[in-house]
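> Got a structure for you, questions after.
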Amino acid sequence: MDTAVAVERFLSSPALSDATRRAYAADLRDFSSWLHGQGLELDDLDVRVLASYTAELGRARRGLAPTTIARRLSAVRSLARHALGPGRVPEATLAPRRPRRLPEAPRAGEIEGMVALAAAGEDALALRNAALIELVYSCGLRSAEAVALDLGDVDLDREQLHVRGKGGKERLVPLGEEAAWRVARWLHDGRPALARGACDALFVSVRGRRLDTSVLRRLLPHPHRLRHAYATHLLEGGADLRTIQELLGHASLSTTQIYSHVDARRLRKVYNRAHPRS
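Each residue of the sequence shown is one higher than the last, beginning at 1104 in the numbering used here.
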């Protein structure tokens, strides 16, 4: 099987999101070039071939971070699953261990400043931007989840939000009073001025179309920090990791445990305050 052809067929698959397609394109073309240089094709892929490719990625001259190597190996496995079938996917753990560091989370005062800056003015865009930022923080949303929200996903009466997450998983998230107020203002005073036709999106552009994540990145260079702040502030306030897992929509508790040292710090404060021998 010609590897380059297999790569292009995989990248054209409708099952891939645009973001995944962009992320995988360069990785898989690099893998295809490497295979060609070894005199191999995709049909030759096995654990030994994948181990050799992993070693090549890890050579000092390439200088790739462990997270980048893991992403490239994930892309290769996805390609093999698509082109050769699940039974031909080498499942050995080859990627270097990734350091699990908690990204810096903005403090509550910094978030208030972000919202205030976005809300400067009373026009429709200011109302939209303030509601968008507040909702991402108050509900711990991924950028893609925020822009995918429809009007019917917001229940202001029950103060909850229906979120469609990764892998088609859905969850209900409590909607805080501040977020509910911001969203209500946007819906009443802002969205009608921008909405066009039958667009059902909660957040729309100046042309009345659904927003894409680039708009949020223009407002906040690193919007995922708000999601980390959401989890960090909940833990500091007393929430347990299992609850945080459900609210974030993590499939595994191990993903949420990146915040465990925040929880340990909180427990230490409780211990120092409450135990007579502390």
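Glycine residues also receive a C-beta, built at the ideal position from the N, C-alpha and C atoms.
Small disclaimer: the values here were computed from a predicted structure and weren't measured.
I need the straight-line Cα distance from Leu1305 to Thr1346, nearest angstrom please.
Taking the straight line joining both Cα atoms gives about 26 angstroms.
> Nearest-angstrom Cα distance between Arg1285 and Met1217?
Distance between the alpha carbons of Arg1285 and Met1217: 14 angstroms.
> Are there three or more Cβ pairs, one per stretch, closer than 8 angstroms when the segment 1287-1300 is compared with the segment 1207-1214?
Short answer: they don't touch.
> In the DSSP assignment, the beta strand (DSSP E) including His1353 goes from what residue to what residue?
Premise fails: His1353 is in no beta strand (DSSP E) and is neither H nor E.
> Using the three-state DSSP reduction, which class does His1336 fall into: helix, strand or coil?
In the structure shown, His1336 sits in a helix (DSSP, three-state: H, G or I).
> Excluding sequence positions up to five away, which residues of its chain have a Cβ less than 7 angstroms from the Cβ of Ala1287?
Leu1259.
> Am I right that Leu1351 and Ala1334 are in contact with their C-beta atoms under 8 angstroms? What's the rounded C-beta distance?
The Cβ separation is near 6 angstroms, so the contact holds.
> Exposed or buried, which one is Asn1232 when buried takes at least 16 other CB atoms within 10 Å?
Asn1232 is buried by the Cβ-count criterion.
> Candidates Leu1275, Ala1221, His1327 and Val1192: which alpha carbon is nearest Tyr1240's?
It is His1327 whose Cα lies nearest to the Cα of Tyr1240.
> Since I believe Arg1267 is in contact with Ala1283 (beta carbons under 8 angstroms), could you give me their beta-carbon distance rounded to a whole number of angstroms?
About 20 angstroms separates the two Cβ atoms, so there is no contact after all.
> Which runs of the beta strand (DSSP E) spanning at least 3 residues fall entirely within the segment 1229-1278, listed in chain order?
List check, beta strand (DSSP E) in window: 1263-1267 and 1273-1277.
> Should Ala1354 go down as buried or exposed, given a rule of 16 or more other Cβ atoms within 10 Å for buried?
The residue is exposed, with fewer than 16 neighbouring Cβ atoms inside 10 Å.
> When DSSP builds the beta bridges, which residues end up paired with Val1307?
For Val1307, which the question treats as bridged, DSSP gives the partners Arg1313.
> Please tell me whether Asp1253 and Asp1303 are closer than 8 angstroms, where the distance is taken between their beta carbons.
Closer than 8 angstroms, so yes.
> Kindly indicate which three-state DSSP category Val1150 falls into: helix, strand or coil?
In this structure, Val1150 counts as helix in the three-state DSSP scheme.
> Who are the Cβ neighbours of Ala1126 in its own chain at under 8 angstroms, not counting the five residues just before and after it?
Here the set comprises Arg1174 and Ala1178.
> By DSSP, does His1325 sit in helix, in strand, or in coil?
DSSP places His1325 in coil when its eight states are reduced to three.
> Go through the segment 1106-1136 residue by residue and report every complete run of the alpha helix (DSSP H) that reaches 4 residues or more, in order.
Within the segment 1106-1136, the complete alpha helix (DSSP H) runs of at least 4 residues are 1106-1114.
> Which residues in the same chain have their Cβ closer than 8 angstroms to the Cβ of Pro1151, if we skip the five residues on either side of it in sequence?
What sits at residue 1151 in the sequence shown is Arg, not Pro. Cβ within range, chain order: n/a, list empty.
> Between Ala1229 and Ala1222, is the Cβ-Cβ spacing less than 8 angstroms?
Contact flag set, yes.
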